[in-house]
Structure formats: structure tokens, C-alpha cells
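K.L.:
Counting from 192, one number per residue, gives the positions in the sequence shown under my numbering.
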Amino acid sequence: MFDIYEIEWLNAVYQILAFLFLMWLLKRYAFGPIMDMMEKREKHVADQIKSAEKNRDEAEQYLKEQREAIQTARQEAKEIVENAKKMSDQQAADIVASARTEAERLKETAKAEINSEKEQAVSALREQVSTLSVLVASKVIEKELDEKEQEKLIQETLKEVGGDL
Numbered sequence: 192m193f194d195i196y197e198i199e200w201l202n203a204v205y206q207i208l209a210f211l212f213l214m215w216l217l218k219r220y221a222f223g224p225i226m227d228m229m230e231k232r233e234k235h236v237a238d239q240i241k242s243a244e245k246n247r248d249e250a251e252q253y254l255k256e257q258r259e260a261i262q263t264a265r266q267e268a269k270e271i272v273e274n275a276k277k278m279s280d281q282q283a284a285d286i287v288a289s290a291r292t293e294a295e296r297l298k299e300t301a302k303a304e305i306n307s308e309k310e311q312a313v314s315a316l317r318e319q320v321s322t323l324s325v326l327v328a329s330k331v332i333e334k335e336l337d338e339k340e341q342e343k344l345i346q347e348t349l350k351e352v353g354g355d356l
């Protein structure tokens, strides 16, 4: 029968040719389209990875810009609050100064009015005293009286004038 070491060369060549033909068919109709599909898939995945990286970079840049914008807005808000506080302090100081000035003016006006009225009162009092003096002198001159009568006359005159005061 067959010896293990005997190879049928015709059968082996036929099998090798069949194997090569089968490989060619597989490569052409199976492996080729599969490899093309795998390459397309690999390219698609690579494109999506690049797109995702680009989107991530853009998102990081946008986030950085937003943080800077928020920081700027916070700084501006802080400056606005500080300016408003300074303005309100200045307005308060102006109002206090204006009130003090007005109070001083009113005080001076009141003092001037008081002095004017005081001078008018002193003037009126001097006028009345001079009138009384003249009245007393005329009465004394009309009558030469003794001391008791002069005192009585002065008291009566004061009573008469006292009703006018």
C-alpha cells in the first residue's frame, strides 16, 4: 500500500493549485471588500477622533474665553460698585457740607435779626426814657414841689407811662 513517505506529486500540485485559486478568489471577492471596508471604517474612526479632538479643543478654548469674560465682568462689576460707593460717599459729604453751610447762614441771619431787633428795642427804650425824662422834667418845672410830692409825682407818671409799656 502506501508508504508514509511516498507523496503523490500530482495530487499535491493539484491541491496547491486549488489552494492558490481559492486564495485568489477569497482575496478578490472576500478579503478585498472586507479590507476596503476595514480601511474605510478605520479612516472613518480616525476622522471622528480628529473631529472629537478638534471639538474638544474648541470647547476648551470657548470655556477659557468664557472664564476670562466672567472674570472681566466680575472686575467691571467690582469697579462699578466701588465707583458707586465713592460717589455716594462724596454725595453724602456734599450734603453734610451743604447742610452745615445752610445752618451757619441761618444762624448768622438769626443773629443779625436778633441784633437788629435788640437795637430797635434799645432805641425805642431810649426814646421812651427821653420822653419820660422830658415829661417828668416838665411836671417838675410846672410845680416846684417838695421831695415827697416830687416822689409822688414821679410814681404817678411811671404808672401812666407803665400802661404804655
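Even glycine gets a Cβ: it sits at the ideal position worked out from N, Cα and C.
1. Looking at the structure shown, is E199 part of a helix, part of a strand, or coil, going by DSSP?
2. Tell me whether the beta-carbon of L316 lies closer than 9 angstroms to the beta-carbon of L349.
3. Please report the distance separating the alpha-carbon of W200 from that of L208.
4. Check the C-beta distance from K320 over to I345 and give it rounded, since I have them as a contact under 8 angstroms.
5. Give, in chain order, every unbroken run of the alpha helix (DSSP H) that is at least 4 residues long and sits entirely within the region 210–266.
6. Rounding to the nearest angstrom, what Cα-Cα distance links A303 and L297 in this structure?
7. Roughly how many angstroms separate the alpha carbons of A203 and L216, rounded to a whole number?
8. Take the Cβ of K343 as the centre, count every other Cβ of all protein chains shown within 10 Å, and call the residue buried at 16 or more, exposed below.
9. Please report the distance separating the alpha-carbon of A284 from that of E295.
P.N.:
Quick look at the numbers:
1. Residue mapping note: residue 199 aligns to position 8 of the sequence shown, counting from 1. The three-state reading of DSSP puts E199 in coil, since its state is none of H, G, I, E or B.
2. Numbered from its first residue, the sequence shown carries residue 316 at position 125. Numbered from its first residue, the sequence shown carries residue 349 at position 158. Going by C-beta atoms, L316 is not nearer than 9 angstroms to L349.
3. What you label residue 200 is simply residue 9 of the sequence shown in a count that begins at 1. What you label residue 208 is simply residue 17 of the sequence shown in a count that begins at 1. Cα to Cα, the separation comes out at about 12 angstroms.
4. If you number the sequence shown from 1, residue 320 lands on position 129. If you number the sequence shown from 1, residue 345 lands on position 154. Checking the displayed sequence, the identity of residue 320 turns out to be Val instead of Lys. Contact check for V320 and I345: beta-carbon distance about 13 angstroms, past the 8 angstroms limit, so the pair fails to qualify.
5. For the alpha helix (DSSP H) assignment, the region 210–266 encloses no uninterrupted run of at least 4 residues.
6. Looking up residue 303 in the sequence shown gives position 112. Looking up residue 297 in the sequence shown gives position 106. Take the alpha-carbon of A303 and the one of L297: they are about 10 angstroms apart.
7. Against the sequence shown, residue 203 aligns to sequence position 12. Against the sequence shown, residue 216 aligns to sequence position 25. A203 and L216: Cα-Cα distance of roughly 20 angstroms.
8. On the sequence shown, position 152 is the one that residue 343 refers to. With a 10 Å radius around the Cβ and a threshold of 16 neighbouring Cβ atoms, K343 comes out exposed.
9. What you label residue 284 is simply residue 93 of the sequence shown in a count that begins at 1. What you label residue 295 is simply residue 104 of the sequence shown in a count that begins at 1. One Cα belongs to A284, the other to E295, and the distance between them is close to 16 angstroms.
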